[in-house]
Structure formats: structure tokens, C-alpha cells
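With my numbering applied, the sequence shown covers 137 to 444.
Note that CB positions come from ideal geometry on N, CA and C, so glycine has one too.
Note that this is a predicted model, so its numbers are computed, not measured.
Here the structure comes first, spelled out in C-alpha cells, and everything after it is commentary.
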Amino acid sequence: MSLTLCSEALSGCSGCEMSLLNAGGPSLSLFDRFDILHMPILMDHKYFEVGGGTPEIHIPKARLGLISGGLRNEQQLRIAEKMRRQCDTILAFGTCAAYGGIPAMMNLFEDEDLFRRYYRTAEGTDAAPNPLQVIPPFLERTFALDEKIAVDFIVPGCPPHPDLITSALESILEGKSPQLPLVSVCDSCPTKREGKGSVQRIRRFVKNARYQPDKPISEMRCLLDQGFLCMGPVTLAGCGGMNAGPPRCIEARVPCRGCQGPVRKGGNQLMDMLNALVSNGIDTKNLPDRLSLLRFSGAHGRLNRRSV
Numbered sequence: 137m138s139l140t141l142c143s144e145a146l147s148g149c150s151g152c153e154m155s156l157l158n159a160g161g162p163s164l165s166l167f168d169r170f171d172i173l174h175m176p177i178l179m180d181h182k183y184f185e186v187g188g189g190t191p192e193i194h195i196p197k198a199r200l201g202l203i204s205g206g207l208r209n210e211q212q213l214r215i216a217e218k219m220r221r222q223c224d225t226i227l228a229f230g231t232c233a234a235y236g237g238i239p240a241m242m243n244l245f246e247d248e249d250l251f252r253r254y255y256r257t258a259e260g261t262d263a264a265p266n267p268l269q270v271i272p273p274f275l276e277r278t279f280a281l282d283e284k285i286a287v288d289f290i291v292p293g294c295p296p297h298p299d300l301i302t303s304a305l306e307s308i309l310e311g312k313s314p315q316l317p318l319v320s321v322c323d324s325c326p327t328k329r330e331g332k333g334s335v336q337r338i339r340r341f342v343k344n345a346r347y348q349p350d351k352p353i354s355e356m357r358c359l360l361d362q363g364f365l366c367m368g369p370v371t372l373a374g375c376g377g378m379n380a381g382p383p384r385c386i387e388a389r390v391p392c393r394g395c396q397g398p399v400r401k402g403g404n405q406l407m408d409m410l411n412a413l414v415s416n417g418i419d420t421k422n423l424p425d426r427l428s429l430l431r432f433s434g435a436h437g438r439l440n441r442r443s444v
């Protein structure tokens, strides 16, 4: 028997949906077992019933609601609330939905500052008035889903690895709770650790790590040991897939950026990373922008205008 599904993409980039498609055969066979009732990214859907009176968002009832993206404006909040009422189970799909993601970095700025930058002062932009009549009103900040509605499960990642997505959907089809890795990126990283690094100042991201390109990454020294700001110690594993593949950033020989979100529920990647740097002998006073450590997890009040 198929499971009814509604899906919504809110304040995000559609990368999560692209990752689902990148699962290829497994995702196609999975969707044979779902009855998709609502998925605007694949099919046109009119949110409002035709007729007079107060517009009411129309989303059909379903067993599973899949929501990517956080909440930045009032319409997105109304859609999320409607999804919660209409769906038995809600899955927060991707880091934007789970932790705010990149859009939550807007929480550092006043709305007027954002409008001024995007519509008047950005390079190559012809000055224009604020589009207040054609876009929904902003909320006071970017929220993760669970700040406004009850969320049953999350699958983090920017975007989530296709394995994590298909594994979560298979678990839900079988009536089970999706399982995420319980370890950090460091715990799944094959690079060589040599203890406290000799570098006491953080090396810029644009500088190349030391490694032999013809050798496997298991022979490369840990990037944190080399002085790079690698978020591996404070970031949930899983970006390499369910079969414990190497972390995707590390596989490309660049530091982890933290896109899977914190290792533990309620974890603070900023504070945990500062502790990791200190324990590795790195002076955090020369860290140019500490708030960048929350680039993927700035919801839940972690990034705000008072932080600047």
C-alpha cells in the first residue's frame, strides 16, 4: 500500500530536492511506494481555493510531509502550519529546515539593511524601491521549522547525502524512526591525526593544505592539525553517506564547513569549535569572524543582531 506524501520547499535553494533526484534508481523505486499529492517543485499547485472570502491555503491531507527550507516570511509560516495540520508526520529535510542554514545569516542584519543591499547598492544592480507590495511580509528573523511547528524527524545536510534521504524514507515506509549517525565528521574522517598541531595561528581557507595528490586521503595529515578551520569536531557525520564514506569536503582536500549541523541535539557549533581550537593549541584571538562558525546553524536564536 502506498504512503501519501506532501512536500514543500520554503526558504532554501532546492538543493535538497536535487539531492533526492541524485539518488537515481533508489529514489525512483521509492516513489513507486508513495502517492505524491502535493509537490510544487514538480507540479503546479494553487495554494488558495478560487472564490470569495479570506484566502485559505489548500494542501491535501497526507501521511508524510517533507519540508525543506526554513521560515523567513509570513506566507512560509502559514504553509508550514498548514502542512503540520494536514500531515501525520513531518520530516525537516536539510539543514535550512533543521537549523536555519545559510538563510539564517540574515538574522545578523536589519530588514532595511538587506533591502538596501539587494535592491540599491549591490554591484550591477539598478536602484529600485523595496518590493513591499509584491512579497509576503518578513518574520522578525529566519526560523528553523521546529521553532514554529512540531517536527517529528530531521535529515540534515546542505544538501543531505542521497543515502540519508532514501534511508529515512525507507524507514518511514516501514513504520520505523529514521536513524542518523551518532558521531562527528572527525570520527568518520580517515586523515592522519598527530595530536596537537604545531600551527598556532589559523591558516586562511584559500591556502592549500599539505598533501600528495596521488595519495589517498588516509595519508593526508588532519587539516585541523595543519591549522585550518575544519569544523569536523563539532559537525554531525553522514555527508559521506550511510556506508561511512569519507566526508565530502575532506575528500576534496578542503576543511569541513559544518553543513550537517551540530553533533548533538541543541549543540552550539560556535562554542564547541572554539573549545576544539583551544584544545588543539590554536589561538582563537586571531579568528577573524567567529560568527561564521554558525553559518549553517544560526536559527534557534544563535545568530541575532546583538551578536554583531
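Are proline 292 and cysteine 149 closer than 9 Å when you measure CB to CB? By 1-based counting over the sequence shown, the position of residue 292 is 156. By 1-based counting over the sequence shown, the position of residue 149 is 13. No, Cβ-Cβ distance for proline 292 and cysteine 149 is not below 9 Å.
Leucine 202 and cysteine 294: beta carbons closer than 9 Å? As a working note, residue 202 is residue 66 in the sequence shown. As a working note, residue 294 is residue 158 in the sequence shown. Not a contact, by the Cβ cut-off of 9 Å.
To the nearest angstrom, how far is it from the Cα of aspartate 224 to the Cα of proline 265? The residue you call residue 224 lines up with position 88 of the sequence shown. The residue you call residue 265 lines up with position 129 of the sequence shown. Their backbone Cα atoms lie some 42 Å apart in a straight line.
Give the range of the alpha helix (DSSP H) segment to which cysteine 294 is assigned. Numbered from its first residue, the sequence shown carries residue 294 at position 158. Taken as a continuous stretch (DSSP letters only), cysteine 294 belongs to no alpha helix (DSSP H), as it is neither H nor E.
Using a Cβ-Cβ cutoff of less than 8 Å, which residues in the same chain neighbour proline 369 once the five nearest sequence positions on both sides are dropped? As a first step, residue 369 is located in the sequence shown; it is residue number 233 there, counting from the start. So the qualifying residues of the chain are Ser320, Val321, Cys322, Leu360, Asp408, Met409, Ala412.
Where arginine 339 falls: helix, strand or coil (DSSP): Indexing the sequence shown from 1 puts residue 339 at position 203. It is a strand residue.
Which of the three DSSP states is assigned to leucine 200 in this structure? Translated into the one-based positions of the sequence shown, residue 200 becomes position 64. Leucine 200: strand per DSSP, three-state reduction.
Indicate the three-state DSSP secondary structure (helix, strand or coil) for phenylalanine 251 in the structure shown. Position 115 of the sequence shown, counted from the first residue, corresponds to residue 251. Reduced to three states, the DSSP call for phenylalanine 251 is helix.
Go through its chain and collect everything with a Cβ distance to methionine 219's Cβ below 8 Å, but skip five positions before and after it. Translated into the one-based positions of the sequence shown, residue 219 becomes position 83. Cys142, Glu144, Ile195, Gly201, Ile203, Ile226, Ile285.
Below 9 Å between beta carbons: does that hold for serine 303 and cysteine 232? Counting from 1 along the sequence shown, the entry for residue 303 is found at position 167. Counting from 1 along the sequence shown, the entry for residue 232 is found at position 96. Not closer than 9 Å, so no.
Rounded straight-line distance, which links the Cα of glutamate 217 to that of serine 247: Looking up residue 247 in the sequence shown gives position 111. Looking up residue 217 in the sequence shown gives position 81. One point to set straight first is that residue 247 is aspartate, not serine, in the sequence displayed. C-alpha separation (whole angstroms): 24 Å.
Kindly indicate which residue of Val390, Asp180, Met242 has the alpha-carbon position closest to the one of arginine 431. Along the sequence shown, one-based indexing puts residue 431 at 295. Per the Cα distances, Met242.
Check each candidate in His181, Arg199, Gln348 and name the one with the smallest Cα separation from aspartate 171. Counting from one through the sequence shown, the residue named residue 171 turns up at place 35. Of the listed residues, the one whose Cα sits closest to aspartate 171 is Arg199.
List the endpoints of the continuous beta strand (DSSP E) containing leucine 141. Counting from 1 along the sequence shown, the entry for residue 141 is found at position 5. Run containing leucine 141: 139-145, per the beta strand (DSSP E) assignment.
Only counting the same chain, and skipping five residues up and downstream in sequence, which positions put a Cβ closer than 8 Å to that of leucine 207? Sequence index remark: in the sequence shown, residue 207 carries index 71 (1-based). For leucine 207, where only same-chain residues beyond five positions count, the Cβ hits under 8 Å are Leu146, Ser147, Leu213, Ala216, Leu275, Thr278, Phe279, Ala280, Leu281, Glu283, Lys284.
For proline 273, count the other beta carbons within 10 Å of its own beta carbon; 16 or more makes it buried, fewer makes it exposed. Which is it? Indexing the sequence shown from 1 puts residue 273 at position 137. Looking at its Cβ environment, which holds fewer than 16 other Cβ atoms inside 10 Å, proline 273 is exposed.
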